[in-house]
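The structure appears below as structure tokens.
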Amino acid sequence: MFEEGVQGIRMNYHPPCMQANKVMGLAPHSDATGLTLLIQVNDVQGLQIKKNDKWVPIEPIPRAFIVNIGDIIEIMSNGEYKSIEHIAVVNRRKERLSIAAFHSPNMRTMIGPVPDILKENTANYKTINHEDYFRLIIARKPDGKTLLDHMKSEHCKIDE
1 MFEEGVQGIR MNYHPPCMQA NKVMGLAPHS DATGLTLLIQ VNDVQGLQIK KNDKWVPIEP
61 IPRAFIVNIG DIIEIMSNGE YKSIEHIAVV NRRKERLSIA AFHSPNMRTM IGPVPDILKE
121 NTANYKTINH EDYFRLIIAR KPDGKTLLDH MKSEHCKIDE
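Counting with UniProt numbering, you get residues 1 to 160 for the letters of the sequence shown.
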């Protein structure tokens, strides 16, 4: 799936902010990619995930990677595996550094539920080519899991 795939890297720097309760490091979103590897470089807490409609802080573990399933895996597994909605918050006293490596299938891959997984189940997501999926990502600002909502079979307006 990831052979000859698309990879990207993002380095995040969030300076200390005395009004941390009024500032967001990264808005709520799920990663539109297949898989994300994240390392919180300087062990300052800032990553929070949404669980049962509440934000839960993820404490950094020194030299450990966090592996996030992205929207592509949720789509290809027909919802069996869920991407995680998350945010980054700033710290009042310390700067926060993190590095994220994003991994997606190659651009020739069709993004949709894998037929072998479906068997007798109905597809929850539309199948589109990776280029069109990429255009959807670029056209939208990160906002929760709205990209996945758009990809649901009954909402997707892209022709195959």
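For every residue, glycine included, the Cβ atom is placed at its ideal position computed from N, Cα and C.
Counting of Cβ neighbours within 10 angstroms places Arg-93 among the exposed residues, the total staying below 16.
In the three-state scheme derived from DSSP, where H, G and I count as helix and E and B as strand, Tyr-133 is classed as helix. Excluding its 5 nearest sequence neighbours in each direction, Ala-139 has no C-beta neighbour in its own chain below 6 Å.
Contact annotation: Phe-65 and Ile-39 have beta-carbon atoms nearer than 7 Å. In the structure shown, Ala-27 falls within a strand segment according to DSSP collapsed to helix, strand and coil.
In the DSSP assignment, Met-11 falls within the beta strand (DSSP E) that extends over 6–14. Here the alpha carbon of Ile-61 sits roughly 10 Å from the alpha carbon of Val-44.
Relative to Asn-124, the option among Ile-111, Val-89, Ala-100 and Gly-79 whose CA is nearest is Gly-79. Inclusion of Asp-71 and Ala-32 in the CB contact set at 7 Å is warranted, their separation being smaller than that value.
In the three-state DSSP reduction, Pro-115 falls in the helix class (H, G or I). Annotated three-state conformation of Lys-22 is helix, per DSSP.
Along the stretch 64–124, the alpha helix (DSSP H) occurs as fully enclosed runs of 4 or more residues at 71–76 and 115–118, listed in sequence order.
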